[in-house]
Amino acid sequence: MKAGVKLPEVTFHTRVRDEAIEGPNPFRWEDKTTADYFAGKRVVLFSLPGAFTPTCSTYQLPGFENGFADFKAEGIDAIYCMSVNDSFVMNKWAESQNLENVQVIPDGSGEFTRKMGMLVAKDNLGFGARSWRYAAIVKDGVVEAWFEEPGLSDNHAEDPYGVSSPETVLNYLKTAKAEVAA
0 MKAGVKLPEV
10 TFHTRVRDEA
20 IEGPNPFRWE
30 DKTTADYFAG
40 KRVVLFSLPG
50 AFTPTCSTYQ
60 LPGFENGFAD
70 FKAEGIDAIY
80 CMSVNDSFVM
90 NKWAESQNLE
100 NVQVIPDGSG
110 EFTRKMGMLV
120 AKDNLGFGAR
130 SWRYAAIVKD
140 GVVEAWFEEP
150 GLSDNHAEDP
160 YGVSSPETVL
170 NYLKTAKAEV
180 AA
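Going by numbering that gives the first Met the number 0, the sequence shown opens with residue 0, and the numbers climb by one from there.
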């Protein structure tokens, strides 16, 4: 659907650990751009409705984290998890999930998600504006393959999950690699 689309240029406001800062919160603000994350790399980007939510925390994020070596073997340089949550929330979620491989990207204002056409209202759950669930393979800032859950709409009664799963994305990579080799 969005294959061939260049990712929007936005600035993400992140908090990064800084060992020079003492105390219980050794983090500083660091702005990162779309180019900082995606330029010159082939990555998997997946976006989900919210940090700490059941499907995201139980299946999607752990699946990408635990399958990182398999993705690397298929030519993926990095895996990014994005959500319309601020950096404080994303960092705490990454910590609670013991992430070592997947990097989180906070899209706190939803600017990237809106420009991708994936910002939806989830007022029916008290969430406000959030991302529709999707995954993408991105090469040097351009979408190579797109995996969007069905039913994109505001206040959707369900939270579909499957099309953007780590298993689906990895299967695509293996199939594409086999087709090139044949």
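Ideal Cβ positions, reconstructed from N, Cα and C, are used throughout, including at glycine. Remember, it's a predicted structure, so these values are computed and weren't measured experimentally.
query                                                                                                                                                 : result
Between E73 and the rest of its own chain, which residues show a CB-CB distance below 8 angstroms, the 5 nearest in sequence each way excluded?       : L169, L172, K173 and K176
Measuring only the C-alpha atoms, how far is I136 from E18?                                                                                           : 33 angstroms
At the level of alpha carbons, what is the spacing between Q96 and F111?                                                                              : 24 angstroms
Looking at the structure shown, is R113 part of a helix, part of a strand, or coil, going by DSSP?                                                    : helix
Out of Q59, D35, F70 and E29, state which residue places its alpha-carbon closest to the alpha-carbon of D158.                                        : Q59
For F183, which residues does DSSP report across the bridge?                                                                                          : Any question about residue 183 goes unanswered here, given that the chain covers just 0 to 181.
Reducing DSSP to helix, strand and coil, say where Q96 ends up.                                                                                       : coil
Shortest alpha-carbon distance to A77 belongs to which of D122, F63, V88 and A180?                                                                    : F63
At which residue ranges does the stretch 38 to 95 contain complete alpha helix (DSSP H) runs of 4 or more residues, listed in the order of the chain? : 60 to 65, 67 to 72 and 86 to 95
Kindly say whether E73, judged by its beta-carbon, lies nearer than 8 angstroms to any beta-carbon of chain C.                                        : In the structure shown, chain C does not exist; there is a single protein chain.
Near D30, what residues of its chain come up, given a Cβ to Cβ distance below 8 angstroms and the 5 sequence neighbours on each side ignored?         : T10, F11, H12 and T13
Pick out whichever of A144, N154, A156 and G150 has its Cα sitting closest to the Cα of L6.                                                           : A144
Give me the DSSP bridge partner(s) of E157.                                                                                                           : In the DSSP output, where bridge partners are listed per residue, E157 has none listed.
Around the Cβ of S163, are there at least 16 other Cβ atoms within 10 angstroms (buried) or fewer (exposed)?                                          : buried
Could you name the residues that DSSP lists as bridge partners for T174?                                                                              : In the DSSP output, where bridge partners are listed per residue, T174 has none listed.
Mind reading off the beta-carbon distance from N154 to N123? Whole number of angstroms is fine, and I expect it under 8 angstroms.                    : 4 angstroms
F70 to G22, Cα distance in whole Å?                                                                                                                   : 37 angstroms
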